[in-house]
Structures are given as C-alpha cells and as structure tokens.
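Chemist:
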Amino acid sequence: ENMHSFQLLCSLLLCNALVVINCAICTQKKLINQSIIFSIGWGDEIEWVQTYEEALTRSRNSKKPLMVIHHLEECPYSQALKKAFVSSPEIQKMAQEDFIMLNLVHSSTDDNMAPDGHYVPRILFVDPSMTVRADLTGKYKNRMYAYEPADISNLIENMRQAKTLLHTEL
C-alpha cells in the first residue's frame, strides 16, 4: 500500500514538473515571438516596446535614451532603410544595449514626434528626461529626421550622441 502511494506521488510530482517546464518553454517562446512581432524586421534580437507611453516610461526608469522609428510597411524608402538598419552590426548592437527601441507603423498622437511633419521613414531620439532631441537630425533640410540607406554612418553618429544624455531634470 505504501509503495503504491509512493509511486503515485512520484508520478504526480513528475507530471507536475513536466507541466512547469513546458509552461516555462511556452512563455520563453511567446516572449521571443512577441519580440519578433514587434521588430517587424528591424532586428529580432532587439527588445522592442509596444507603445510610445511604455517607451517613455522604460526610458525614464532605465535612464536609456529612446529611439523611435516611424515607418510604413508598403513604403519603399522605409523598406530600404530597414534593410540597411538590420545589416549594420554596430546599429544592432547599440539598439540592443543602449536604447529603448520603438518602431511605429502608425503616427504617434504626440506632436513632438513630428516636429517637421509626418513623413516616413523618420527617426527621433528622446532623452530619458522626455526631451525630444531636436539636435540629432539627418542631412535633409526639408525632412530633418529622415535617413536613407546611404546615411547609416550619420545615424550611427546620432545614436552615439544620443547616448550622451542631456541630464536635464534627471
């Protein structure tokens, strides 16, 4: 009788352990899949946040700058920039380690995110003090926050500068 109870208990414990392990694996896969979903091809190794509000909170709490990429899936300029962004190891590394990352395929309701218009692609940096970095621009006077594949070195330089925080109100 005791032996039978012991075997039953062991079986139940083993089943329970397998369920816990399977749940942990599912959760891990779900997190990985969510990250890939939010990346939309901009870098699956990067942890992407879902909303502008979440991004601002994470930036403030982590003291890391926020990088916001505005783009459209069907836009050939957005697609070309995405390809250059993903194929730059330096950009991918900085995006993973030094920034809170957000990519938006719809326009933010915050007018600070469109200081000179709602064109795509455009990339803005926001300091953890929630200040939009108007000083970090691309090379086009009519679309100050636009970048093209040929401008990747300019984007890398702006990312480096964005890491040097403004420290206003921090």
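Sequence positions in the sequence shown follow mature numbering (1 follows the signal peptide of the UniProt record, and there is no 0) and run -23 to -1, 1 to 147. The C-beta atom is built at its ideal place from N, Cα and C for all residues, glycine as well.
#1: Beta-carbon within less than 7 Å of N80's beta-carbon, same chain only, minus the 5 sequence neighbours each way: which residues are those?
#2: So, helix, strand or coil for F76, using DSSP?
#3: Just reading off the beta strand (DSSP E) that R110 is part of, what are its end residues?
#4: Would you identify the three-state DSSP class for I46, choosing helix, strand or coil?
#5: Out of curiosity, what's the CA-to-CA distance linking Y122 and K40?
#6: Return yes when the Cβ of F102 is within less than 8 Å of the Cβ of L142, no when it is not.
#7: When the distance is taken between beta carbons, is I129 closer than 8 Å to A61?
#8: If you measure between the beta carbons of K116 and N131, is that distance less than 8 Å?
#9: Can the beta-carbon of L113 be found less than 8 Å from the beta-carbon of Q138?
#10: Are the CB atoms of Q69 and E22 nearer to each other than 8 Å?
#11: By the 10 Å Cβ neighbour count, where 16 or more other Cβ atoms means buried, how is A111 classified, buried or exposed?
#12: From which residue to which residue does the beta strand (DSSP E) around R99 run?
Modeler: Based on what the coordinates show:
#1: I17, W19, W25, I46, H48
#2: coil
#3: Element bounds for R110: n/a, residue is neither H nor E.
#4: strand
#5: 23 Å
#6: no
#7: yes
#8: yes
#9: yes
#10: yes
#11: exposed
#12: 99 to 103
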